[in-house]
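Below: the structure, in structure tokens.
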Amino acid sequence: PVFPMADAALYVCRDICIPVRSELSLDMATAASDLRVAVWRQRVPQRAASAAENVVMSAQIRPQGAGKPVLALQVEGTPADIFVEQDDGAYFGRPAPGASPGEWLLTVSNISDPGKLRGKPALVTVTYGDKAVEQPVILD
Numbered sequence: 273p274v275f276p277m278a279d280a281a282l283y284v285c286r287d288i289c290i291p292v293r294s295e296l297s298l299d300m301a302t303a304a305s306d307l308r309v310a311v312w313r314q315r316v317p318q319r320a321a322s323a324a325e326n327v328v329m330s331a332q333i334r335p336q337g338a339g340k341p342v343l344a345l346q347v348e349g350t351p352a353d354i355f356v357e358q359d360d361g362a363y364f365g366r367p368a369p370g371a372s373p374g375e376w377l378l379t380v381s382n383i384s385d386p387g388k389l390r391g392k393p394a395l396v397t398v399t400y401g402d403k404a405v406e407q408p409v410i411l412d
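Just so we're aligned, residue 273 is where the sequence shown starts under my numbering, counting upward by one.
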């Protein structure tokens, strides 16, 4: 059995500080059988383990007016939300439906040259209500 533990030391301050100490532990055998934990575990994004599990069919950086490129994603189904992480400091905006079915556009707010992102890796998380899939992609 696994029993994670934490020891926390806090200070509650106003005019003076009063130290507060707390020990926390979790019985993983009990937590694993708890329905609430099972429900929340299902919401944790699962990594696409094979091409058959991929939900992002393409990820393309395109120039757009106003000097801000967009990331055009071709995504399977109708996602509830899309999140993109990228190590070169790019910030991706809220997804908006594109012109074709399954296309979603995310404005890149802090990079003006689309060429700086082409060929770079990114991690796309696509959520579908109670399911979420993480998929690594290379930006075209």
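Every residue, glycine too, gets a C-beta built ideally from N, C-alpha and C. Quantities reported herein were computed from a predicted structural model and do not represent experimental measurements.
For the beta strand (DSSP E) containing residue i, list its first residue and its last residue.
i           : result
residue 310 : Note, residue 310: premise wrong, no beta strand (DSSP E); alpha helix (DSSP H) at 307-315.
residue 399 : 393-400
residue 353 : 353-357
Looking at the structure shown, is residue i part of a helix, part of a strand, or coil, going by DSSP?
i           : result
residue 278 : strand
residue 324 : helix
Candidates the options: which alpha carbon is nearest residue i's?
i           : options            : result
residue 275 : 296, 283, 288      : 296
residue 315 : 397, 411, 357      : 397
residue 359 : 365, 389, 401      : 389
residue 350 : 405, 287, 278, 409 : 405
residue 317 : 399, 410, 412      : 399
residue 385 : 372, 345, 341, 357 : 341
Give me the DSSP bridge partner(s) of residue i.
i           : result
residue 283 : 291
residue 388 : According to DSSP, residue 388 bridges with nothing at all.
residue 343 : 333, 378
residue 319 : 406
residue 296 : 278
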